[in-house]
Amino acid sequence: MSLSYVLFKLAGIPVNYVILVPFFIIFVIYTFNGKTDTREDALSDSKKFGFNKSYNRYFLAFAFAGFGLLVVFSFIKGVKYGLEVLVPFVIGLLYSSRISLKSKMIRLKDILFFKNFIVAITWAFVTVIIPASFLNIPFTQDIYLLSFFIFSILLIDEIFFDIKDLKGDSEVGTKTIPAIYGISFTNKLLFFLNLTFVLILIIGYWVGTVDTFLVKIGIFSASYGFLYMLLYNLNVIEINKLSNIIVAGQFIAVGFFVFLITSL
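Below, the structure is given as structure tokens:
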């Protein structure tokens, strides 16, 4: 919801019920994925596995009930809105479920590079494009830039999560960047991607494409990324805690940052 909060502030619209739309979509996708990833979690993150084993069925019931109501509400509002809500949900099911391809059962998330891109694109679509559509916000350059920012940051975060999940992913055969190219290469790639993101921000601001509001958000997010990369490489915090608290909490921090700069 914090990412959609940024959209509200960017568009100058008071926060309303539409901020819950991305929440229910992402919640049902991630809860379902938690159900299908039990083997990986058991190997990579025993605490997460234990928590999901005890409570996932309750979260699933709540998630599907909430999402079901959202689908009904969306189709009542209009067929276009209902389809917009269903698209990321279907992608999430295909992402987590095994499908038959040339007599072999695979998941979309098992395809190298694809899993990171599909998650980042879906997040950008769910947190910006769908709420903007529900609110009838014009799809201006700033809206697309915000989508690109979220895609870029999520791509970096997802690749970092693959480091945390390396043991489980390797065991079940999920092809990730750390599993194929190693942690050292992945570290360099993360730094390169984050630095490239900063350079794009600076160049965009210099040529007048990116406004000050988006630059502030982008610089804060990139700095946050460099911070958790530094904490990981210095081995300050155990990687599961770093991933589940610091990295996963990045967008809450971004939302709070936006609240501060728009309130002061």
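Position 233 of the sequence shown, counted from 1, bears residue number 233 in the UniProt record's numbering, the numbering being contiguous throughout.
All C-beta atoms, glycine included, are put in the ideal place defined by N, C-alpha and C.
Are at least three pairs of beta-carbons, each pair with one atom in the region 142-153 and one in the region 184-192, less than 8 Å apart? The answer is no - the region 184-192 does not touch the region 142-153, with fewer than three Cβ pairs under 8 Å.
Count the other CB atoms, across all protein chains shown, that sit within 10 Å of the CB of SER54; report buried if there are 16 or more and exposed otherwise. exposed
In angstroms, rounded to a whole number, what distance separates the CA positions of GLY66 and LEU86? So the alpha carbons of these two residues sit roughly 13 Å apart.
Please report how far the alpha carbon of LYS167 lies from the alpha carbon of ASN33, in whole angstroms. 18 Å
Short Cβ contact (8 Å threshold) for PHE113 with PRO88: No, they are not a contact pair.
With a 10 Å radius around its C-beta and 16 neighbouring C-beta atoms as the bar for buried, classify TYR17 as buried or exposed. exposed
Spatial neighbours of ASP157 in its chain, beta-carbon cut-off 7 Å, leaving aside the 5 residues before and after: VAL247 and GLN250
So which of VAL15, ASP110, THR212 and GLU84 has the shortest CA-CA distance to TRP123? GLU84
Do you know offhand how far LYS109's Cα is from GLY204's? 32 Å
Spatial neighbours of TYR228 within its chain, please: C-beta separation below 8 Å, excluding the five flanking residues on both sides. PHE160, LEU242, ILE246, VAL247 and GLN250, listed in sequence order.
Please state the DSSP three-state secondary structure of ASN136. coil
Closest to PHE134 by C-alpha separation, out of ILE261, LEU20 and ILE252, would be which residue? LEU20
Given the structure, does ALA120 come close to the ligand SAH, in the sense that its CB is under 7 Å from one of the ligand's heavy atoms? With respect to the ligand SAH, the structure shown offers nothing to examine, as it has no ligands at all.
Length of the line joining the Cα atoms of THR127 and VAL119: Taking the straight line joining both Cα atoms gives about 12 Å.
Grab me the residues of ILE91's own chain with a C-beta within less than 7 Å of its C-beta, minus the 5 sequence neighbours each way, in chain order. The answer, listed in chain order, is ILE118 and THR122.
Own chain, CB closer than 6 Å to PHE197, minus 5 neighbours either side, in chain order: SER152 and ALA222.
For SER74, which residues of its own chain have a beta-carbon under 6 Å away from its beta-carbon, when the five flanking residues on both sides are left out? TYR81, GLY82 and VAL85
Less than 8 Å between the beta carbons of LEU155 and ASN116, yes or no? yes
Got a sec, what are the start and stop residues for the alpha helix (DSSP H) GLU158 sits in? Looking at the DSSP string, the run of the alpha helix (DSSP H) that includes GLU158 is 141-164.
PHE251: first and last residue of the uninterrupted alpha helix (DSSP H) it sits in: Counting along the chain, the alpha helix (DSSP H) containing PHE251 begins and ends at 250-263.
C-beta contact flag for ILE219 and LEU201 at 8 Å: yes
DSSP on PHE113, reduced to helix/strand/coil? coil
Nearest neighbour of PRO14, chosen from SER97, PHE64, ALA132 and GLY50 [CA to CA]: ALA132
Less than 8 Å separating the beta-carbons of VAL207 and SER2? Not in contact: VAL207 and SER2 (Cβ atoms no closer than 8 Å).
Just curious, the alpha helix (DSSP H) that SER4 is in, first and last residue? 2-11
Looking at PRO130: is its Cβ nearer than 8 Å to the Cβ of ALA11? Looking at the sequence itself, residue 130 is Ile, so the reference to Pro does not match. The beta carbons of ILE130 and ALA11 sit no closer together than 8 Å.
Using a 10 Å radius around the Cβ and a threshold of 16 neighbouring Cβ atoms, would you call LYS77 buried or exposed? exposed
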